[in-house]
Amino acid sequence: MKALLIGECRGGQVLDATWELFGYAAQACAEPLLFMVGTKEAVAGAGVRVLLADASKQGEYNPEAHKLLILEAIRRESPDQIVFMHSSYGWDLAPRVAAALGVAQSSEVIGIAEGGFELCACNAKMRRTVVPTTAKIVVTLQGGAFQGQKPAGSTEIQDLDVEASSRLEFLGYEEPEKKDVNLATAEIIVSAGRGVGKKDNVQIIEALAKALGGELGASRPVVDSGWVAQSHQVGTTGQTVAPKLYVACGISGAIQHLAGMRKSEFILAINKDKDAPIGEVADVLVVADLLQFVPALTAKLGR
Ligand SMILES: Cc1cc2nc3c(=O)[nH]c(=O)nc-3n(C[C@H](O)[C@H](O)[C@H](O)COP(=O)(O)OP(=O)(O)OC[C@H]3O[C@@H](n4cnc5c(N)ncnc54)[C@H](O)[C@@H]3O)c2cc1C
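The sequence shown maps to residues 402 to 704 in the working numbering.
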């Protein structure tokens, strides 16, 4: 089985998430082939065969032109799967490619199942399995669902070009507003999940963060409830963090949260449910009521 992996290049650099496509290909036992609109310098050490379109001609982001380039790559290589990250680039391009080919698309894949894919359902509270009905398929992967895996083979770059007329013009990227807290560089993060119960209890988590000299993080429901500002959210729609210590308090471990924090060096989870999925990534899982355990731990640290 052959998988055409659609990598992403931003400001002349290959985005890290591109390597997650290879983690997927390894699990799917697929022969990987990388497509990218970028530069020779960016993919010089890719360690795999690359179909490279020139970003200075096609633009780093131009879904109309990139669709035509991907269709040309598919014509040449006849892959069984065309695999994107479920990023803004993937959201934009994947359905265009699937519609042009008239094939099925499975979006936000979090796992591989017998004959198909695992996807989230009911706001990620449940999982469902889908089986594509066409032989060739387009897939987008949930960020963090597959481990990044840089190929270690030799790099072979093959140029790809089409005359792509487009009504779109790429103007550039706009930096997001500066956040009041930069979790991306924090060495210690203590995060509050829905398990804190109510807004007033967030101060228990904040006190532990302060005692450890760290920053406050939060899961999305805590942010959506207005208990903590969005700038503290960790996960696919929040920040991606990699501190030395991540303390998850009352966080179940949904895939969208894990995607933002699983690269932490040491993960301590506090949860009253011994079977909470956070236990699968935690180095230590303390099974306790956080309302009792966290203040006791903070008090110990204060001594
Ligand atoms: C498109 C999309 C994007 C998303 N992006 C993000 C994102 O960026 N970040 C994110 O976090 N989520 C995100 N989510 C939501 C995600 O799917 C989960 O719903 C969310 O992460 C769950 O948050 P939680 O773990 O705090 O809450 P819950 O899943 O409700 O878990 C609460 C946990 O607290 C435990 N608990 C309860 N009371 C106590 C107590 N007293 N002491 C100890 N433990 C207790 C429970 O056992 C449970 O494990 C996204 C969802 C979607 C669909």
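No residue lacks a Cβ here, since even glycine has one placed at the ideal position from N, Cα and C.
- The beta carbons of residue 402 and residue 427 sit no closer together than 8 Å.
- The DSSP assignment places complete beta strand (DSSP E) segments of no fewer than 3 residues inside the stretch 583-618 at 589-593, in order along the chain.
- Between residue 507 and residue 533, the C-beta spacing is below 8 Å.
- For residue 688, the CB contacts under 8 Å within the same chain, skipping 5 residues up- and downstream, are 672, 673, 674 and 675 in chain order.
- Residue 493 and residue 703 have their C-alpha atoms spaced approximately 50 Å apart.
- Not one heavy atom of ligand 1 lies closer than 7 Å to the C-beta of residue 513.
- Listed in chain order, the alpha helix (DSSP H) elements of length 4 or more contained wholly in the stretch 640-682 are 656-662.
- Spanning the alpha carbons of residue 549 and residue 647 requires a straight line of approximately 20 Å.
- Looking at 450, 571, 444 and 542, the one whose alpha-carbon comes closest to that of residue 434 is 450.
- Closest in C-alpha terms to residue 469, from the list 564, 510, 512 and 531, comes 564.
- Residue pairing by DSSP places residue 514 opposite 517 in a beta bridge.
- Straight-line spacing of the CA atoms in residue 663 and residue 418 works out to 14 Å.
- Across the set 405, 410, 406 and 404, the C-alpha of 410 shows the shortest separation from the C-alpha of residue 574.
- Judged by their CB atoms, residue 517 and residue 530 are nearer to each other than the 8 Å cut-off.
- Between residue 649 and residue 679, the C-beta gap is smaller than 8 Å, which places the two residues in contact.
- For the pair residue 608 and residue 478, the Cα-to-Cα distance works out to about 57 Å.
- If you check the C-beta of residue 637 against ligand 1, you find a heavy atom less than 7 Å away.
- Residue 481 has its Cβ no nearer than 7 Å to any heavy atom of ligand 1.
- At least 8 Å separates the beta-carbon of residue 438 from that of residue 415.
- At the C-beta level, residue 691 and residue 651 come within 8 Å of one another.
- Cβ neighbours of residue 514 within its own chain (closer than 6 Å, five residues either side excluded): 530.
- In the same chain as residue 629, and ignoring 5 residues on each side of it, the C-beta atoms closer than 8 Å to its own belong to 593, 603, 617, 619 and 623, in chain order.
- Placement of the Cβ of residue 623 at a distance of less than 7 Å from at least one heavy atom of ligand 1 is found.
- Around the beta carbon of residue 637, 16 or more other beta carbons lie within 10 angstroms, which makes this residue buried.
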